[in-house]
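Below you'll find the structure, written out as structure tokens, and then a few comments.
4 protein chains.
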Amino acid sequence: MTYLSFHADKPLDFVAIGRLCVDLNANEINRPMEETVTFTKYVGGSPANITIGMSRLGKRCAFVGKVSDDQMGRFIVQYLERNGISTSNVVTDRTGAVTGLAFTEIKSPTDCSILMYRDHAADLNLQPGEVREELIAQAKMLLISGTALAKSPSREAVFQALHYAKKYGVVIAFDIDYRPYTWTSAEETAVYYNLAAEKCDVIIGTREEFDIMERFEDNQAHLDRITADKWFDHSAQIVIIKHGKEGSIAYARDGSEHRARSFPANVVKTFGAGDAYAAGFLYGMLQGWTIGKSMEHGSAAACIVISSHSCSDAMPTAEQVQRFIEQSKREEVK
Amino acid sequence: MTYLSFHADKPLDFVAIGRLCVDLNANEINRPMEETVTFTKYVGGSPANITIGMSRLGKRCAFVGKVSDDQMGRFIVQYLERNGISTSNVVTDRTGAVTGLAFTEIKSPTDCSILMYRDHAADLNLQPGEVREELIAQAKMLLISGTALAKSPSREAVFQALHYAKKYGVVIAFDIDYRPYTWTSAEETAVYYNLAAEKCDVIIGTREEFDIMERFEDNQAHLDRITADKWFDHSAQIVIIKHGKEGSIAYARDGSEHRARSFPANVVKTFGAGDAYAAGFLYGMLQGWTIGKSMEHGSAAACIVISSHSCSDAMPTAEQVQRFIEQSKREEVK
Amino acid sequence: MTYLSFHADKPLDFVAIGRLCVDLNANEINRPMEETVTFTKYVGGSPANITIGMSRLGKRCAFVGKVSDDQMGRFIVQYLERNGISTSNVVTDRTGAVTGLAFTEIKSPTDCSILMYRDHAADLNLQPGEVREELIAQAKMLLISGTALAKSPSREAVFQALHYAKKYGVVIAFDIDYRPYTWTSAEETAVYYNLAAEKCDVIIGTREEFDIMERFEDNQAHLDRITADKWFDHSAQIVIIKHGKEGSIAYARDGSEHRARSFPANVVKTFGAGDAYAAGFLYGMLQGWTIGKSMEHGSAAACIVISSHSCSDAMPTAEQVQRFIEQSKREEVK
Amino acid sequence: MTYLSFHADKPLDFVAIGRLCVDLNANEINRPMEETVTFTKYVGGSPANITIGMSRLGKRCAFVGKVSDDQMGRFIVQYLERNGISTSNVVTDRTGAVTGLAFTEIKSPTDCSILMYRDHAADLNLQPGEVREELIAQAKMLLISGTALAKSPSREAVFQALHYAKKYGVVIAFDIDYRPYTWTSAEETAVYYNLAAEKCDVIIGTREEFDIMERFEDNQAHLDRITADKWFDHSAQIVIIKHGKEGSIAYARDGSEHRARSFPANVVKTFGAGDAYAAGFLYGMLQGWTIGKSMEHGSAAACIVISSHSCSDAMPTAEQVQRFIEQSKREEVK
């Protein structure tokens, strides 16, 4: 069954709006950052990673965002372009804002943390009037990411993009991507996450992220089914709730449930798993695959990324994912 | 035909959320404020005025808002209570915020202006968690006012109130009440006005106010019909567009149009006309009157208020309005 | 003995820098402000009051300050000009700032309070580059007031004025005028009050105000003599410590002490006493009077002001003060 | 002749107050930062560098500052302690502030730039009440650095430290270290730089930095002698004006002038030259050397640092400096 219907004749497959930042990944791993001496620079930010992933998988992509007017901002734009992503709607900030930074610390494969620099971040300065209506109109799918809702005017820019997407029948996917910094309060978070989610066709998040959205709801038992059904009263077609290593569950508007397990991995760090999963899954949707096959594709992409040092740079091609799935199955047979 | 259906068994007729402030009206009129020497103090703010009007008309009312922890804040609470309005959900700010002020200047009956003090205003500090779900649940009608959307956290408190109103089947009226101060940009205004209006049953504003909401739309000719139809795609049952002295037009979801003229008035100042109109019209809706009769009631209330020195304090009773309408008709016959 | 030497040939006697605001005095006195209905508008702010007082006493005065670009700001400028004070260096703010307000509440002659509006106040926006060097150069005496030190850029404007005054041999008087609002912390207050006081010839404050300046000092016993001697190590010639009804003590650099008592008064409210005292005392200094005679003049002016409804508007002429002193002495004899 | 007299019996030679940050130096040099892939982490900030330099030269040092409550902050504290610098007055911020960052870009030995992250920097949060009086009291010399004056409350903390230094006869050195970011305006900069410099015994800056301080002065020809003489009217004993490759000139209160040339260097980058110079010169003063010998020592230290990849980590020992000077002289002879 097809849950999402895409306009076949649109020139762009995928456009994302939101955070563009720089990851500075510690080269010396398995130690606290106090003892880290050198860092390697990558493009980062959840929607950036997903878009890079989608482009690697072969889709025609564009990004709507804002970068600082400095070397970091130019590095981001150049990297996106080298990866075949249109940056015609990546605006340069003129207010002296900086690029958000994420220093990663990998104490062990399961003990990872991030030190964020998000004060005066350029991406949060995106204005609603800077979102180009004709670009959104040309896309089959729009991805919004929760961090872009954390602050004005980026928050309004996202709602503006949602407005255009609705107007032109663009399928909307929402990656909750909740990060506590930047938000003023848990209540503020719940209000805007709900206003945005009401308008989306696909909603993807962890159980903990959905709990944050349900701050004012009655779902004390944190039941996934209750979570999903709420959104089917609005625009949602598919709601995916991720449970880490336990795998994920997709609920569809027709009442069906679809479960996917994680692949066994040689984990370097946990960062980037969610982004790779989202890219892989949404790619499957665009290909017209079943929910189950798309979820498997997402899980495999996630597994590949967490076995590598970077997030964005490690996003796999469709062939890599396919090969990984086949290899995993062969090994399982053994 | 009945456009709005109210829950008959609710203990409250009307609850409003938003601005509570103090008007300081120049006693010496028909001169610039530089030459004004004394001022008289009144409770003000559009939703406050409407609620006072509704209470004078005999309805059971409550207010959801925030006041400063000083003499001005206590004056407001005492005045609301003296007018029979429940203040159980009027919270006292503890951050040192002040009561918003509006100094009025009446150079002539048609040349009036307001000098606003809105920095660090207590009413804009209302938190979403301070809106009491059980209070909203008990009301037949909720009124929201645009100025409360101008800033966080008051903005989120309004969306929270809308969420509760939807949950309990409370009819929602939206008085656009656009004031340029406080808002950061025209784009921001349009985004939040639209997000709120999507959820409302009755939307009331001037032609200019609807234009502001249509910043990202195609309605270059400013046609009222196009304006109204947009909202019938969402929740609206009735859309009223006010044209000043030319009267107002109400559009209903069934396609009907209803026009009301202004009554001839002995104008002292123009302030408060819109608030009195909204109170009068929404009173008629709660009474089960036709749109036409309700509009006439609103226009008469407006006419009474602009013939007086104050806004809130001049709100008429139902008998006063009735008498005014009858008298106007008798004089017309002459 | 002469403690202060003024340049005889300067065209201006007195220039003050700092706060220009509006007082809204309750017309209904001896009751809480919640029950006050009407207010009368006056120019206010300690340095404004002192300058108006000095002009009434017959001195050639100018003001360095900033007013809002609205009716309140224009009212202030017009009032100063009507009182013969040069406003050539009163700048109009263009950032949308408002005039600071002080609503006075007079519950009883000894129980008075003020409700302040100081957010986004125009006077605190005065830039150092807006202080005109040639104006300061032309004055015999410069008065600075502590409230102008509370925030940037007004704080820097005061230091700039001090720099010019030093450069041109202008006698500097410092009215501490401590008001807790606006200041970020008690420590910040102490730091800037001390930096400013180091450069002043005359320092006037209450015992409590000097205590605030001595936050980082060793004067646990709050001894006036220790307080005064500290400043004689810097620029001070005269230090006056006020003890309310107990009168005031002036310490001079030569080691002398001068005490002044208060006159018995028919007190309406306590506001304005300090401003009238400062105007009266500094007038005496400019006249070449002894410290004792100048203090008596200040005390008499203070007594006249607290017997009236306003502060600025009640500032007496030299004749009124003289008459008041003579009358008091006659009555004492009886 | 001895220009500065130090208290011989104090347990600390040198204490500095101000900026503590992290330098991220591009490992790939001679290219724009857009093409830089990896960075190496060092402790940075002018007063931190000078203190590290002073400690390497063998002096007993302490630091007064504030660091972020994260891995970066802990890295700084650990590095200072490893270098023998007392961190008993290095306070940990609890407001969520971050460590300031300086990404260096070395396009060529003469085309270097810095990309700063100074928003919400922990070092600028140092409170005046956090400066420990007994620590300042124990030092022979206090160094203040201009960047710490850029913002409250760090600005007040510096004035508080100056107050304590004056109280206990601590010699005060001022490294102007002007950085345009963080400052609100050029006028604000001039005001506070002057207020601080008035209290200092040694003032060190480039010609451009002194120009900034003279914004409100008459020195259109930018004459060093006029610059220096201004400060001899206050507390200064020595004023050093640096002219880059042209060398530097020291003016002393007795009217003498002392010139030092730069050593020829194999320049990697220009960063850190000023800090090494200041450390070297002030070390000479503490040793009781002549101005000329101290300047030579400073110039040699500067030359060593600019031939290395880092600033702080490259600070030389006294033996290294001595060897460098001797070697330079031998080569010159050839």
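Chains as they are written, first to last, in full-length UniProt numbering: chain C, 1 to 334; chain A, 1 to 334; chain X, 1 to 334; chain S, 1 to 334.
Cβ atoms here follow ideal geometry from the backbone N, Cα and C, with glycine treated the same way.
A quick note: this is a predicted structure, and the numbers were derived from the prediction, not measured.
{"Item": "Residues that DSSP places opposite N89 of chain S in a beta bridge", "Value": "S:V64"}
{"Item": "is_contact[L134 of chain S, chain X] using C-beta, thresh 8 Å", "Value": "Note that residue 134 of chain S is Glu in the sequence shown, not Leu. No, because no Cβ of chain X sits closer than 8 Å to the Cβ of E134 of chain S."}
{"Item": "Contacts that Y19 of chain S makes with chain C (C-beta to C-beta distance below 9 Å)", "Value": "Checking the sequence shown, residue 19 of chain S turns out to be Arg, not Tyr. Going along chain C, no residue has its Cβ under 9 Å from R19 of chain S, so there is no contact; the nearest lies around 17 Å."}
{"Item": "Rounded Cβ spacing between A300 of chain A and F324 of chain A (contact assumed at less than 8 Å)", "Value": "5 Å"}
{"Item": "N49 of chain X (DSSP reduced to helix, strand or coil)", "Value": "helix"}
{"Item": "Residues of its chain near C61 of chain X, where Cβ-Cβ distance is below 8 Å and the 5 sequence neighbours each way are ignored", "Value": "L12, D13, F14, V15, A16, T51, M54, S55, G84, I85 and S86"}
{"Item": "Stretch-stretch touch, CB-based, cutoff 8 Å, three pairs: the stretch 133–141 of chain C with the stretch 166–183 of chain C", "Value": "yes"}
{"Item": "For I304 of chain A, three-class secondary structure by DSSP", "Value": "helix"}
{"Item": "7 Å CB neighbourhood of T92 of chain A in its chain, flanking five on each side removed", "Value": "V67, D69 and G73"}
{"Item": "Alpha helix (DSSP H) runs contained entirely in the stretch 98–153 of chain C, provided each spans 4 or more residues", "Value": "133–137"}
{"Item": "According to DSSP, residues forming a beta bridge with T40 of chain C", "Value": "C:N25 and S:T38"}
{"Item": "Where R259 of chain S sits in the DSSP three-state scheme", "Value": "strand"}
{"Item": "Whole-angstrom distance between E208 of chain X and Y193 of chain X, CA atom to CA atom", "Value": "13 Å"}
{"Item": "Beta-carbon contacts of S235 of chain S that lie in its chain and below 8 Å, excluding the five residues immediately before and after", "Value": "I172, E198, K199, C200 and D201"}
{"Item": "Residue-chain proximity (P32 of chain A, chain C), Cβ-Cβ < 8 Å", "Value": "no"}
{"Item": "CB contact flag (E188 of chain S, P32 of chain X, <8 Å)", "Value": "no"}
{"Item": "8 Å Cβ cutoff met for G280 of chain A and V321 of chain A", "Value": "yes"}
{"Item": "Bridge-paired residues (DSSP) for S248 of chain S", "Value": "S:K242 and S:A260"}
{"Item": "Minimum Cβ-Cβ distance from K41 of chain S to chain C less than 8 Å", "Value": "yes"}
{"Item": "Contact list for Q220 of chain C against chain A, beta-carbon separation under 7 Å", "Value": "Those within 7 Å of Q220 of chain C in chain A number zero; the least Cβ separation is about 16 Å."}
{"Item": "Cβ neighbours of L162 of chain S in the same chain (closer than 6 Å, five flanking residues each side left out)", "Value": "K199"}
{"Item": "Contact set between T92 of chain A and chain X, taken where Cβ atoms lie within less than 7 Å", "Value": "Under the 7 Å cutoff, chain X gives no residues; its nearest Cβ is about 14 Å from T92 of chain A."}
{"Item": "Within the stretch 260–329 of chain X, ranges of the alpha helix (DSSP H) (whole runs, at least 4 residues)", "Value": "273–287 and 291–306"}
{"Item": "A122 of chain C and A157 of chain C closer than 8 Å at C-beta", "Value": "no"}
{"Item": "Touching by the beta-carbon criterion (3+ pairs, under 8 Å), the stretch 304–311 of chain X and the stretch 30–49 of chain X", "Value": "yes"}
{"Item": "Chain-ordered neighbours of E156 of chain S on chain X, where CB pairs are closer than 7 Å", "Value": "E187, E188 and V191"}
{"Item": "Separation of T227 of chain A from R132 of chain C, as counted between CA atoms", "Value": "23 Å"}
{"Item": "Chain-ordered chain S contacts of F63 of chain C [CB-CB under 7 Å]", "Value": "Those within 7 Å of F63 of chain C in chain S number zero; the least Cβ separation is about 18 Å."}
{"Item": "G205 of chain X - containing alpha helix (DSSP H), residue span", "Value": "Looking at the DSSP string, G205 of chain X is not in any alpha helix (DSSP H); the run it does join, the beta strand (DSSP E), is V202 to T206."}
{"Item": "Amino acids of chain S, ordered along the chain, whose beta-carbon sits closer than 9 Å to that of F159 of chain X", "Value": "V191, Y192, N194 and L195"}
{"Item": "Test item: CB-CB of A302 of chain C and Y277 of chain C under 8 Å", "Value": "yes"}
{"Item": "Min CB distance T184 of chain A to chain X below 8 Å", "Value": "no"}
{"Item": "Under the three-state DSSP convention, the category I76 of chain S falls into", "Value": "helix"}
{"Item": "Chain C contact residues for Q71 of chain S, given Cβ-Cβ distances below 7 Å", "Value": "P32, M33, E34, E105 and L115"}
{"Item": "For A173 of chain S, three-class secondary structure by DSSP", "Value": "strand"}
{"Item": "Chain A residues whose Cβ lies nearer than 8 Å to that of R74 of chain X", "Value": "E34"}
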